[in-house]
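Chains A, B and C are the protein sequences, given in the same order.
One point on numbering: in my numbering, the residue at position 258 of the first sequence is 425, and numbering is uninterrupted.
One point on numbering: in my numbering, the residue at position 191 of the second sequence is 358, and numbering is uninterrupted.
One point on numbering: in my numbering, the residue at position 117 of the third sequence is 284, and numbering is uninterrupted.
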Amino acid sequence: MAAIYKSGEELMNEVRKTKIYGESVSFWNLGQAGILLKGTEEDGLLCIDPYLSRSIEERDPKTEFKRAFPPVVDPGMLRDLDGVLVTHGHDDHLDLLSIKEIAKGSDSMFAIPAPLISLVQEHVGKKYIHAAKDGESFTIKGFEITPIPAAHTEYETDSLGNHTFLGYFIEVNGIRLFHSGDTVVTPELIEKVKEFKPHVAFLPINGGDYFRTSRGIIGNMSFREAADFSAAVGVDLIVPIHYDMFPNNRENPVYFVDYLFHRYPNQKFHMMVPGERFIYHK
Amino acid sequence: MAAIYKSGEELMNEVRKTKIYGESVSFWNLGQAGILLKGTEEDGLLCIDPYLSRSIEERDPKTEFKRAFPPVVDPGMLRDLDGVLVTHGHDDHLDLLSIKEIAKGSDSMFAIPAPLISLVQEHVGKKYIHAAKDGESFTIKGFEITPIPAAHTEYETDSLGNHTFLGYFIEVNGIRLFHSGDTVVTPELIEKVKEFKPHVAFLPINGGDYFRTSRGIIGNMSFREAADFSAAVGVDLIVPIHYDMFPNNRENPVYFVDYLFHRYPNQKFHMMVPGERFIYHK
Amino acid sequence: MAAIYKSGEELMNEVRKTKIYGESVSFWNLGQAGILLKGTEEDGLLCIDPYLSRSIEERDPKTEFKRAFPPVVDPGMLRDLDGVLVTHGHDDHLDLLSIKEIAKGSDSMFAIPAPLISLVQEHVGKKYIHAAKDGESFTIKGFEITPIPAAHTEYETDSLGNHTFLGYFIEVNGIRLFHSGDTVVTPELIEKVKEFKPHVAFLPINGGDYFRTSRGIIGNMSFREAADFSAAVGVDLIVPIHYDMFPNNRENPVYFVDYLFHRYPNQKFHMMVPGERFIYHK
């Protein structure tokens with residue numbers, strides 16, 4: 168049973184060939200929270216939370232975190248990448264092997280939550296690491312990026328007050344995108360995202376519960392919270408994420424679709440299969 | 168609870184403003200089987216099966232076919248329309264009131280299954296009616312259209328051998344689209360669609376059963392058949408239709424999503440809310 | 168669309184006529200968390216959390232807690248009742264109007280969490296009130312009952328250390344039943360219920376989330392936690408509750424069924440419609 172729509176060099180060719188006109192942006196689903204973003208040629212190519220290896224299960228063959236499908240591309244194939252945004256330090260978001268290979272194969276820079284940059288330094292050679300901090304905007308080619316704190320499931324800062332869990336506001340080519348990272352819903356998050364007015368929101372829907380928490384699996388907003396959150400803040404298109412890769416920490420995305428269909432029948436969403444491209448137009 | 172994403176002149180403005188670049192096509196969900204298609208400016212604007220009134224419930228207040236949401240546009244607003252394709256004579260596909268208003272407000276022509284053109288003639292004034300026949304291709308501006316027979320739930324022809332139930336193969340701007348009309352799956356349909364290789368297939372998912380049939384509701388392919396059919400013939404993107412407008416003849420589209428997610432995890436689909444635009448890129 | 172299977176005197180006749188043989192017990196779904204329990208004739212008739220009025224919406228017409236279906240019986244019809252168990256003080260569990268009518272029409276006693284008995288006293292005339300306390304077993308005819316603390320969503324005690332949120336272990340005619348009241352999952356709950364080894368567990372599945380909590384709706388275990396909890400402690404039959412009555416605080420029970428079907432395909436459960444009887448046999 169093939170789980171991936173397009174992969175490897177075929178996918179990378181599609182990325183290269185994709186041309187963006189007008190106010191629009193293209194993105195690809197890399198699985199779990201991994202998103203590849205492309206604006207116009209001048210805007211460049213950005214990747215969020217690439218888990219493009221099997222590091223977790225190779226390091227610990229007994230882990231319950233076994234991939235349901237192979238990496239859609241090898242990290243070394245991301246040769247044209249201009250930047251990588253990492254939301255937090257969990258292995259399925261900050262994968263040092265993927266980062267190392269990306270650093271070898273491209274000129275990408277790396278935006279890493281400030282408290283975690285020491286973990287990454289030895290793996291990226293001379294590539295530039297940006298210490299991402301709450302509210303401090305920065306630019307990667309045409310992408311304007313503002314980190315915001317995420318609560319996974321609590322807000323957490325280091326001794327300097329820098330947040331270890333981040334989400335990202337991204338503006339490119341007239342489009343505002345919000346990648347929440349791993350987070351629950353908080354009043355602060357609602358307020359910030361409402362102000363940002365994202366066209367597209369990438370939101371986890373796998374939730375959290377007593378049993379996963381007791382096995383060390385930190386929770387996220389639930390499918391229901393992702394829908395209610397989007398309605399509360401105003402989102403044009405919801406892209407549910409963080410449900411496809413690990414069967415042990417999955418939520419059936421159909422619950423999300425069912426809840427939307429009955430509760431918010433006019434709310435746009437798009438469910439992506441691994442390796443799928445979606446071009447969003449304003 | 169708002170059921171419509173965008174409607175009325177706001178929607179029509181979006182239609183006018185939507186620019187198509189490269190090999191792509193834009194379409195809007197008008198509800199039930201109604202689709203509005205736009206290619207490049209030269210390609211023009213095409214509409215399939217517009218049910219943009221409340222004719223059914225106005226004619227028979229006791230009908231079980233009551234709209235769950237209002238028409239997303241008034242038919243008279245479709246001023247730039249170049250063509251209307253009708254798949255068959257049922258009221259939710261061939262709505263004489265919608266057709267009459269479209270004829271008044273635009274220069275559109277009307278492609279009607281050959282056996283049904285007499286029903287339409289008095290309603291369209293001097294506008295051109297094309298008698299659509301199985302396998303006989305015709306052109307509306309940039310749209311190349313080929314009717315194929317549909318089985319709802321049997322193939323049915325008039326005394327001249329012309330089919331009363333049709334689907335349409337549509338080629339525009341490098342994209343091949345298939346609107347099945349109302350049909351079940353047949354060996355002939357599989358063969359024809361496999362040969363056509365559609366990028367996008369608009370397929371009913373509401374199915375049919377003894378009880379609906381016994382109330383005079385003619386069946387369609389089921390959500391499961393739509394998924395298996397797409398896998399059998401090869402479809403890049405499935406757009407499920409014919410489930411949103413009439414609660415009495417609905418199938419929960421979530422069953423379709425659930426079946427795809429578990430059985431065809433690499434199959435792209437997009438579920439549209441009423442009044443939503445989707446731009447498909449090759 | 169009738170929402171109730173059987174109601175009123177027809178239901179009460181069924182209750183009277185139901186004969187229990189061997190090790191078994193009969194119960195009826197009264198809606199929300201309301202359960203009516205019958206053992207042999209000697210065991211008597213017990214009711215848990217009866218919300219058999221419209222008190223909430225009558226007191227506050229603007230409440231979002233509006234019944235989706237009428238009371239399945241009038242509380243005054245419960246003439247043969249021997250006892251009422253109340254799990255906690257929320258209006259849909261401790262309904263003073265239902266209690267008052269039951270006290271008028273029957274010889275029932277009332278087991279109320281110790282911190283709440285003063286609320287009830289004026290409503291039950293000379294009927295006996297039992298102050299239910301964690302771990303202190305008591306008997307109502309053939310029913311042996313042990314209150315245990317519930318966490319809704321925290322454990323809460325009064326100044327004397329008595330819990331305001333309770334669940335009940337109930338043994339009757341060789342059958343062990345657990346009615347959790349409103350609670351989340353805790354390590355203590357797992358330990359206690361595992362030791363009790365219930366044949367039947369009545370568990371809420373409506374969960375809780377940021378948005379309901381922020382509207383003052385206190386959470387329960389989710390459908391997924393109810394399933395995982397049952398697997399963790401060992402339950403022969405799960406009866407999901409607390410999802411049918413209030414659309415604003417409902418969870419689609421289908422998510423529960425779907426999760427069980429895929430994750431615990433050998434776990435027995437029974438989903439009850441309002442007014443339905445189920446006879447459980449050991």
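We put the CB at the ideal spot given by N, CA and C, even for glycine.
None of the values given here were measured: they were computed from a predicted structure.
With at least 16 other beta carbons inside 10 angstroms of its own, H409/C counts as buried.
By the Cβ neighbour-count rule, R382/B is exposed, with fewer than 16 other Cβ atoms within 10 Å of its own. Among the CB atoms of chain C, none fall inside 9 Å of the CB of Y188/A. Annotation: Y218/A has no Cβ neighbours in chain B at a cutoff of 7 Å; minimum Cβ distance is about 17 Å. Counting only Cβ-Cβ distances below 8 Å, D395/C has contacts in chain A at D376, Y377 and F378, in chain order. Scanning I446/C, L178/C and P441/C for the CA closest to the CA of I171/C turns up P441/C. S326/C sits exposed, since fewer than 16 C-beta atoms from the chains shown fall within 10 Å of its C-beta. For P242/B, there are no neighbours in chain A by C-beta distance under 8 Å, as the nearest C-beta there is about 21 Å away. Assigned with DSSP and collapsed to three states, G189/A falls in coil, not helix or strand. K359/C places its beta carbon 9 Å or farther from that of S191/C. Nearest CB-CB separation between D247/A and chain C: not below the 9 Å threshold. Within the stretch 409 to 432 of chain A, the residues whose Cβ lies closer than 9 Å to any Cβ of chain C are, in chain order, E418, N419, V421, Y422, D425, Y426 and H429. In chain order, D376, Y377 and F378 make up the part of chain A whose C-beta sits under 7 Å from the C-beta of E392/C.
Apart from the 5 residues on each side of it in sequence, A318/A sits with its Cβ closer than 6 Å to the Cβ of T350, V351 and T353 in its chain, given in chain order. In the same chain as G328/B, and ignoring 5 residues on each side of it, no C-beta atom comes closer than 6 Å to its own. In the DSSP assignment, Y422/B falls within the unbroken alpha helix (DSSP H) covering P420 to R430. For S389/C, the chain A residues whose C-beta falls within less than 7 Å of its own C-beta are D376, listed in chain order.
By the Cβ test, the stretch 391 to 405 of chain B is in contact with the stretch 362 to 371 of chain B, since at least three Cβ pairs between them sit closer than 8 Å. Here V400/A carries a helix assignment [DSSP, helix/strand/coil].
Comparing C-alpha distances from L245/A to each of L204/A, P420/A, E323/A and Y322/A shows the shortest one belongs to L204/A.
For a cut-off of 8 Å, the C-beta gap from D241/C to S273/C is around 12 Å, too long to register as a contact.
Closer than 9 Å to the CB of A235/C there is not a single CB belonging to chain A.
As for any alpha helix (DSSP H) of minimum length 4 sitting wholly inside the stretch 194 to 218 of chain B, there is none. Looking at the backbone, the Cα of T313/C and that of V253/A are separated by about 51 Å. Listed in chain order, the non-local C-beta contacts of F413/B below 6 Å within the same chain comprise F232, local neighbours out to five positions each way being set aside.
Pairing L219/B with L197/B gives a Cβ-Cβ distance under 9 Å. Taking M179/A as the centre and dropping the five residues before and after it, the same chain places the C-beta of V240 and M244 closer than 7 Å to its C-beta, in chain order. With 16 or more other Cβ atoms from the protein chains shown falling within 10 Å of its own Cβ, E338/C counts as buried. Beyond the five residues adjoining it in sequence on each side, H290/A comes within less than 6 Å, by CB distance, of L263, I266 and K267 in the same chain, given in chain order. Sorting V400/C, K293/C, H297/C and I269/C by C-alpha distance to the C-alpha of I279/C places H297/C at the top.
In this structure the stretch 425 to 435 of chain A does not touch the stretch 426 to 439 of chain C; the number of beta carbon pairs closer than 8 Å is below three.
Excluding residues up to 5 positions away in sequence, F390 lie with their Cβ nearer than 6 Å to the Cβ of Y422/A in the same chain. For S193/A, no Cβ of chain C is located within less than 9 Å of the residue's own Cβ. Excluding sequence positions up to five before and after Y322/C, its CB lies within less than 6 Å of the CB of P316, all in the same chain and listed in chain order. When beta bridges are read from the DSSP output, I342/A appears opposite V339/A. Contact residues of the stretch 332 to 358 of chain C toward chain A are V351, V352, T353, P354 and I357 (C-beta to C-beta distance below 9 Å).
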